[in-house]
Amino acid sequence: MTQSDSTPAVWQSQFATYVRSLEPSRMRALRLDESTIVTAEILVTICKLISDEDDSRTWIERLNSYFDNLDNTAVGNILEEIMGAPQGLNTESWLANALTGMEDGKAKSWIERYRAGGYRDFALRLLGAAQYRLLTRALSEDVAVIALVLRRIVRALMPFAVAWGDSVGMLTKDQLEAKTQVDMAGLNAVRLLIEIDKVVGEKVLAKLPMEVTAATRTDMVAWTTEGTAMLMAQFRALVREASAKRIERANTPLLRKIQGARAALQYSEDGTSQAANSLIELIDRIMREAFPPDQALAWIDANLPEYPKLTHIDKSTRKPTKLGESLCFIYGGGPTARPANEYDDGEGPSMIHELIARAFVSTRNKLQKIKHADTGTPEERERLLTLFSALEGALMLGLSVASLSAYAESDAA
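Residue numbering for the sequence shown follows the numbering used here, beginning at -17 and increasing consecutively.
Next up, the structure:
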């Protein structure tokens, strides 16, 4: 089923539906105001839109449609009254107000009060046992909808975790320069996500009425550390597919380099060397055709003029190094400037960009060694397959980050 651009005409939040059925005096006694109710409604509606597998639109299209049509709904009318916006609803203003409200303690303080035993005892006395059960059931159903989206978000990150482990995880300490208090290079992102998923399943989903959500059997099956190898194989296939799609979007002819490398490994007696050569050419061409050396050099001078090892002199000519080209490519030719924080001084490239760039350089160097060694042994073939996965992971991460940088820059403009 393809959803139209209509906005849900009924309240999607069971909590909002229940609370709005109460007498105003009881709402006031429970410290519930319109902003808390509308915040719950919009949050639950967004989660339902994102988790609807019958909607063929992208989740961005769904959200854009929802917010574009929000001012024609009861929720939008209430928001206009809260915000005092007679000219129509401004979604960005509402989001800013909602976040401010959370910081100031509106919805957040209500949640904290509800979790406290005294508030629940008061609500039970005020509403009576039957109505109190309806309130707790409504809350549980809303939390279940949100929890399903949380689990799906965690699981959607797994291909990126696998790509990170395959590419950045191969770097040695000697290839890294400390830029942060967090050891991101040594982070086992796959194991971390499995542990988070386990907590979500055992501590959250197991205690909620998931039958009222769009949860599938797959959503409810737990991941285990014992099944890590199988999960890795499944998600590595997704990384392979995702990197190929990104290469095709960025530079369609270069997709043949990936296909040629696989064909060489399968059919050629000199397959390992040929595959290594194809992958090296892929790295060089995808970067240089996106940003020729003169453009990469100009980008380095404009953004990272003092950063070491980004340029070198070759036959009396100053040129970008592979690291410099990689950084330019991953930044999409955009600016590197960013605010400083406790983990990042804001100087030089960001940790994520630099680690992915170094993964490209390290993978290329190792491919170069295999190309020249050309022993044709099973061990060499295994090393190349490992590097193949590393390159696909780096391409998936690098092209994703580059597209996000380009989107952010165009949005700012």
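Just so you know, even glycine gets a beta-carbon here, dropped at the ideal spot from N, CA and C.
Identity of the residues DSSP links to residue i by a beta bridge
| i | result |
| --- | --- |
| threonine 293 | Pro302 |
Inter-residue spacing [alpha-carbon to alpha-carbon] between residue i and residue j
| i | j | result |
| --- | --- | --- |
| arginine 44 | isoleucine 32 | 8 Å |
| aspartate 148 | glutamate 364 | 14 Å |
| glutamine 277 | glutamine 241 | 29 Å |
| arginine 218 | threonine 368 | 11 Å |
| lysine 189 | serine 382 | 36 Å |
| phenylalanine -1 | methionine 333 | Residue identity differs from the one stated: residue -1 is threonine in this sequence, not phenylalanine. So the two alpha carbons sit approximately 45 Å from each other. |
| valine 370 | threonine 118 | Reading off the sequence shown, one finds phenylalanine at residue 370, where the question assumed valine. Using only the alpha carbons, I get a separation of about 52 Å. |
| leucine 153 | serine 344 | 7 Å |
| glutamate 85 | leucine 187 | Below a pLDDT of 50, predicted positions are generally treated as unreliable, and glutamate 85, at 46, falls in that range; the measurement from the model is reported next regardless. Rounded to the nearest angstrom, the two C-alpha atoms are 27 Å apart. |
| proline 360 | leucine 247 | 11 Å |
| alanine 211 | valine 203 | 16 Å |
| alanine -9 | aspartate 50 | For alanine -9, the pLDDT reaches just 46, beneath the cut-off of 50, and the residue's location in the model is therefore unreliable, although a value from the coordinates is still provided. Computed Cα separation, rounded: 14 Å. |
| glutamate 288 | tyrosine 325 | 21 Å |
| glycine 403 | histidine 335 | The structure shown does not extend to residue 403, since the chain is modelled only from -17 to 395, so the question has no answer here. |
| methionine 269 | threonine 299 | 20 Å |
| isoleucine 42 | arginine 244 | 35 Å |
| aspartate 37 | serine 47 | 12 Å |
| threonine 206 | glutamine 113 | 40 Å |
| alanine 384 | threonine 55 | 37 Å |
| methionine 140 | methionine 9 | 42 Å |
| serine 418 | arginine 199 | With the chain represented from -17 up to 395, any question about residue 418 goes unanswered, as that position is not in the structure. |
| isoleucine 312 | leucine 386 | 10 Å |
Residue interval of the alpha helix (DSSP H) (run including residue i)
| i | result |
| --- | --- |
| valine 26 | 16 to 33 |
| arginine 274 | Inspection of the sequence shows that residue 274 is occupied by proline rather than by arginine. Careful: proline 274 lies outside any alpha helix (DSSP H) and carries neither H nor E. |
| arginine 137 | 111 to 138 |
| serine 47 | 41 to 50 |
| glutamate 336 | 333 to 355 |
| aspartate 201 | 199 to 202 |
| aspartate 179 | 171 to 181 |
| valine 150 | That residue, valine 150, is in no alpha helix (DSSP H); it is neither H nor E in DSSP. |
| valine 1 | -4 to 1 |
| proline 321 | Neither: proline 321 is in no alpha helix (DSSP H) and is coded neither H nor E. |
| glycine 242 | 237 to 249 |
| lysine 227 | 210 to 232 |
| arginine 8 | 6 to 11 |
Cβ distance (whole Å) where residue i is taken to contact residue j below 8 Å
| i | j | result |
| --- | --- | --- |
| leucine 237 | alanine 226 | 6 Å |
| alanine 145 | valine 221 | 5 Å |
| leucine 213 | leucine 349 | No, leucine 213 and leucine 349 are not in contact; Cβ-Cβ is about 27 Å, not under 8 Å. |
| alanine 284 | valine 150 | That pair is no contact at about 26 Å. |
| leucine 377 | isoleucine 282 | The pair is not a contact, with the Cβ atoms about 21 Å apart (cut-off 8 Å). |
| leucine 130 | threonine 195 | 5 Å |
| leucine 305 | alanine 272 | About 16 Å; that fails the 8 Å criterion. |
| lysine 30 | valine 127 | 6 Å |
| proline 321 | glycine 314 | About 19 Å separates the two Cβ atoms, so there is no contact after all. |
| alanine 171 | alanine 197 | Not quite, the Cβ-Cβ distance comes to about 25 Å (not below 8 Å), so this is no contact. |
Whether residue i touches residue j by CB criterion (8 Å)
| i | j | result |
| --- | --- | --- |
| glutamate 123 | glutamine -4 | yes |
| aspartate 201 | valine 136 | no |
| valine 57 | isoleucine 28 | no |
| threonine 318 | leucine 279 | no |
| asparagine 233 | lysine 353 | no |
| leucine 309 | leucine 337 | no |
| arginine 346 | isoleucine 295 | no |
| threonine 254 | glutamate 374 | no |
| lysine 301 | proline 275 | yes |
| leucine 12 | leucine 106 | no |
| lysine 239 | glutamate 263 | yes |
| leucine 14 | valine 1 | yes |
Proximity test, Cβ basis, 8 Å: residue i and chain D
| i | result |
| --- | --- |
| leucine 337 | The structure shown has no chain D; it contains just one protein chain. |
Any non-hydrogen atom of the ligand COA closer than 7 Å to residue i Cβ
| i | result |
| --- | --- |
| glycine 147 | This structure lacks the ligand COA; in fact it carries no ligand of any kind. |
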